[in-house]
Ligand code: ZN
């Protein structure tokens, strides 16, 4: 089992956020990097982000945005801004990077962890945002550690004998590994929705027996300027300022 793992998710073609997170991860010197999907969609730099993920990540899942851009799920699943951004991404995505995304699936098992983009109930579309969602996710899995993305909200839920414990996991939240089964969402690198605009990621230290939720500053205005240059929807750029 890898001793130290960094987990990222929902990059959404935000290269400045990804660069900042990778620099922070490199400073920590982890053994492996896992990505829970949505490499592209919404953001302005899909090619650069996909190339970096292909180079750096040892496990990568496919998210719903990746699958829509590939034409593997109905683009009618998206409306409005998400659909406009997906159409733009489909146009600009280079064939060899498209090929890489095409190899990905939305679930994986690695070491003592089960990984899903959405949830164990529906790895592509289901959001784990409620106690019921967390309960269903524990019921559908058996690994000590269950990792999900998709909601863009950093989350830590423990399946204690007394019931489910936990909730949103802001910067610096530390979780003990091994005491209870855990459901963790690292939050989103490229489009956080939990009120903290900084890029989110998760550090798992199996040796020390703990996981730590991290946030990393990045130049939000540079990503916003690139989105406006490319004619991506203004509301997608604006929301990056407040992480909502
Ligand atoms: Zn996403």
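Residue numbers (the working numbering): 155 to 398. Positions of the beta carbon are idealized from the N, C-alpha and C atoms, including for glycine.
- Taking a C-beta distance under 7 Å as the contact criterion, residue 199 and residue 167 qualify as a contact pair.
- Taking 6 Å as the cut-off, the C-beta of residue 185 does not count as close to any heavy atom of ligand 1.
- In the three-state DSSP reduction, residue 317 falls in the strand class (E or B).
- Relative to the non-hydrogen atoms of ligand 1, the Cβ of residue 348 never comes closer than 6 Å to any of them.
- When secondary structure is reduced to three states using DSSP, residue 168 falls in the coil class, being assigned neither helix nor strand.
- For residue 290, the uninterrupted alpha helix (DSSP H) run begins and ends at 285 to 293, by DSSP.
- In this structure, the beta-carbon distance from residue 352 to residue 327 does not fall below 7 Å.
- Between residue 240 and residue 223, the gap from beta carbon to beta carbon is short of 7 Å.
- With 16 or more other Cβ atoms from the protein chains shown falling within 10 Å of its own Cβ, residue 357 counts as buried.
- About 29 Å separates the CB atoms of residue 218 and residue 185; that is not less than 8 Å, and the two are not in contact.
- Looking from the CA of residue 202, the closest CA among 388, 380, 394 and 390 belongs to 380.
- Of the candidates 375, 385 and 383, 375 places its Cα closest to the Cα of residue 397.
- The DSSP-derived three-state label of residue 376 is helix.
- Taking residue 336 as the centre and dropping the five residues before and after it, the same chain places the C-beta of 298, 299, 300, 310, 311, 312, 313, 329 and 365 closer than 8 Å to its C-beta, in chain order.
- Three or more Cβ pairs drawn from the segment 232 to 246 and the segment 382 to 391 lie within less than 8 Å of each other, which places the two stretches in contact.
- Taking C-beta atoms under 8 Å as the contact rule, residue 394 and residue 345 qualify, at a distance of about 7 Å.
- Pairing residue 362 with residue 318 gives a Cβ-Cβ distance that is not under 7 Å.
- The criterion of a C-beta distance shorter than 7 Å is not satisfied by residue 390 and residue 228.
- DSSP lists no bridge partner for residue 255.
- As summarised for the segment 165 to 225, the continuous beta strand (DSSP E) elements at least 3 residues long and confined to that stretch are 186 to 189, given in chain order.
- Annotated three-state conformation of residue 382 is helix, per DSSP.
- Linking residue 246 to residue 334 through their CA atoms gives a straight-line distance of about 44 Å.
- Taking 6 Å as the cut-off, the C-beta of residue 164 counts as close to a heavy atom of ligand 1.
- Ranked by Cα distance from residue 268, the options 373, 349, 302 and 249 are led by 302.
- Taking a C-beta distance under 7 Å as the contact criterion, residue 265 and residue 273 do not qualify as a contact pair.
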